[in-house]
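Worksheet: the structure to be examined is printed underneath.
Numbering (the UniProt record's numbering), first residue to last: 1 to 145.
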(Lines of atoms letter the chains of each structure in order from A; the text may use other names.)
(Lines give C-alpha, C1' and ligand atoms only; values in the text may rest on other atoms or scores of the structure.)
Protein backbone atom coordinates (compact mmCIF):
# COMPACT_ATOMS: atom_id res chain seq x y z
CA UNK A 1 0.00 0.00 0.00
CA UNK A 2 1.28 3.45 -0.89
CA UNK A 3 1.89 6.05 1.72
CA UNK A 4 -1.03 8.54 1.37
CA UNK A 5 1.41 11.44 1.69
CA UNK A 6 3.30 10.24 -1.38
CA UNK A 7 1.96 12.01 -4.45
CA UNK A 8 2.55 10.58 -7.89
CA UNK A 9 3.31 13.18 -10.52
CA UNK A 10 0.71 12.90 -13.22
CA UNK A 11 1.47 15.81 -15.51
CA UNK A 12 3.97 15.54 -18.35
CA UNK A 13 5.95 18.42 -16.84
CA UNK A 14 6.01 16.72 -13.45
CA UNK A 15 7.28 13.45 -14.87
CA UNK A 16 9.90 15.28 -16.96
CA UNK A 17 11.05 17.18 -13.88
CA UNK A 18 11.30 13.96 -11.90
CA UNK A 19 13.29 12.17 -14.61
CA UNK A 20 15.49 15.07 -15.76
CA UNK A 21 18.46 14.49 -13.45
CA UNK A 22 18.63 10.67 -13.79
CA UNK A 23 18.44 11.02 -17.58
CA UNK A 24 21.22 13.63 -17.56
CA UNK A 25 23.44 11.23 -15.62
CA UNK A 26 22.78 8.46 -18.18
CA UNK A 27 23.42 10.84 -21.11
CA UNK A 28 26.70 12.08 -19.62
CA UNK A 29 27.91 8.55 -18.88
CA UNK A 30 27.00 7.35 -22.39
CA UNK A 31 28.82 10.32 -23.93
CA UNK A 32 31.97 9.66 -21.87
CA UNK A 33 31.98 5.92 -22.54
CA UNK A 34 31.37 6.38 -26.25
CA UNK A 35 34.27 8.83 -26.59
CA UNK A 36 36.62 6.20 -25.19
CA UNK A 37 35.10 3.32 -27.13
CA UNK A 38 36.42 1.83 -30.36
CA UNK A 39 33.85 0.83 -32.94
CA UNK A 40 30.64 2.37 -31.60
CA UNK A 41 27.74 1.80 -33.98
CA UNK A 42 24.41 3.58 -34.25
CA UNK A 43 21.12 2.05 -35.39
CA UNK A 44 18.80 4.60 -37.01
CA UNK A 45 15.24 4.11 -38.21
CA UNK A 46 12.22 6.16 -39.21
CA UNK A 47 8.90 5.37 -37.55
CA UNK A 48 5.76 6.57 -39.32
CA UNK A 49 2.16 6.70 -38.24
CA UNK A 50 -0.90 6.56 -40.45
CA UNK A 51 0.19 9.62 -42.39
CA UNK A 52 3.63 10.80 -43.45
CA UNK A 53 3.43 13.84 -41.15
CA UNK A 54 3.46 11.54 -38.10
CA UNK A 55 7.09 10.50 -38.53
CA UNK A 56 9.90 10.20 -36.04
CA UNK A 57 13.55 9.26 -36.28
CA UNK A 58 14.95 7.03 -33.57
CA UNK A 59 18.56 6.17 -32.78
CA UNK A 60 20.32 3.79 -30.43
CA UNK A 61 24.03 3.25 -29.88
CA UNK A 62 25.96 0.03 -29.30
CA UNK A 63 29.49 0.18 -27.87
CA UNK A 64 31.92 -1.39 -25.44
CA UNK A 65 32.09 0.42 -22.10
CA UNK A 66 33.54 -0.73 -18.78
CA UNK A 67 34.66 -3.96 -20.47
CA UNK A 68 31.21 -5.07 -21.63
CA UNK A 69 28.90 -4.57 -24.59
CA UNK A 70 26.38 -1.78 -23.93
CA UNK A 71 23.48 -0.29 -25.78
CA UNK A 72 21.57 2.88 -25.08
CA UNK A 73 18.53 4.46 -26.67
CA UNK A 74 19.73 7.91 -27.76
CA UNK A 75 16.47 9.56 -28.61
CA UNK A 76 13.37 10.01 -30.69
CA UNK A 77 12.74 13.23 -32.60
CA UNK A 78 9.90 14.32 -34.85
CA UNK A 79 10.84 14.32 -38.52
CA UNK A 80 9.25 17.41 -40.03
CA UNK A 81 8.94 17.87 -43.76
CA UNK A 82 10.09 15.55 -46.47
CA UNK A 83 12.18 12.51 -45.64
CA UNK A 84 15.20 13.70 -47.60
CA UNK A 85 18.71 12.53 -46.76
CA UNK A 86 19.73 16.01 -45.55
CA UNK A 87 16.75 16.21 -43.19
CA UNK A 88 17.41 12.75 -41.79
CA UNK A 89 21.10 13.55 -41.24
CA UNK A 90 20.29 16.90 -39.56
CA UNK A 91 17.85 15.30 -37.10
CA UNK A 92 20.27 12.42 -36.44
CA UNK A 93 23.03 14.93 -35.59
CA UNK A 94 20.62 16.70 -33.20
CA UNK A 95 20.02 13.40 -31.43
CA UNK A 96 23.78 12.80 -31.10
CA UNK A 97 24.43 16.30 -29.79
CA UNK A 98 21.61 15.97 -27.23
CA UNK A 99 23.62 13.16 -25.65
CA UNK A 100 26.99 14.93 -26.12
CA UNK A 101 28.27 12.32 -28.56
CA UNK A 102 30.63 13.54 -31.25
CA UNK A 103 29.93 12.16 -34.71
CA UNK A 104 33.61 11.23 -35.05
CA UNK A 105 33.08 8.65 -32.26
CA UNK A 106 30.73 6.64 -34.49
CA UNK A 107 32.29 3.88 -36.56
CA UNK A 108 29.24 2.40 -38.28
CA UNK A 109 25.57 3.20 -38.94
CA UNK A 110 22.91 0.52 -39.32
CA UNK A 111 19.77 1.50 -41.26
CA UNK A 112 17.06 0.06 -43.42
CA UNK A 113 17.74 0.14 -47.15
CA UNK A 114 15.64 3.14 -48.20
CA UNK A 115 17.52 5.38 -50.63
CA UNK A 116 17.07 8.37 -48.32
CA UNK A 117 18.59 6.53 -45.34
CA UNK A 118 21.47 5.12 -47.38
CA UNK A 119 22.27 8.58 -48.78
CA UNK A 120 22.08 10.22 -45.36
CA UNK A 121 24.90 8.04 -44.03
CA UNK A 122 26.84 6.55 -46.93
CA UNK A 123 29.61 9.13 -47.21
CA UNK A 124 30.46 9.17 -43.49
CA UNK A 125 30.23 5.56 -42.27
CA UNK A 126 30.28 1.99 -43.37
CA UNK A 127 26.53 1.54 -43.68
CA UNK A 128 24.90 -1.79 -42.95
CA UNK A 129 21.34 -2.22 -44.10
CA UNK A 130 18.85 -4.79 -45.29
CA UNK A 131 18.84 -6.13 -48.83
CA UNK A 132 19.65 -3.28 -51.16
CA UNK A 133 18.01 -2.89 -54.53
CA UNK A 134 20.53 -0.66 -56.30
CA UNK A 135 19.41 2.36 -54.28
CA UNK A 136 20.95 5.50 -55.71
CA UNK A 137 20.82 8.92 -54.10
CA UNK A 138 17.72 10.13 -55.88
CA UNK A 139 15.27 12.11 -53.81
CA UNK A 140 12.60 10.07 -52.06
CA UNK A 141 9.33 11.96 -52.05
CA UNK A 142 6.92 9.51 -50.45
CA UNK A 143 6.92 6.51 -48.20
CA UNK A 144 4.34 3.76 -48.57
CA UNK A 145 2.70 2.73 -45.37
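Quick reminder that beta carbons are idealized off the backbone N, C-alpha and C, glycines included.
| query | result |
| --- | --- |
| Three CB pairs or more closer than 8 Å across the segment 103-115 and the segment 40-49 | yes |
| 6 Å Cβ shell around residue 73 - same chain, five flanking residues per side excluded | 60 |
| Cβ-based burial, residue 106 [other Cβ within 10 Å; buried from 16] | buried |
| Neighbourhood of residue 101 by C-beta distance below 6 Å, restricted to the same chain and skipping five residues each side | 31, 34 |
| Where residue 80 sits in the DSSP three-state scheme | coil |
| Counterpart residues of residue 70 in DSSP-defined beta bridges | 63 |
| Beta-carbon contacts of residue 66 that lie in its chain and below 8 Å, excluding the five residues immediately before and after | 33 |
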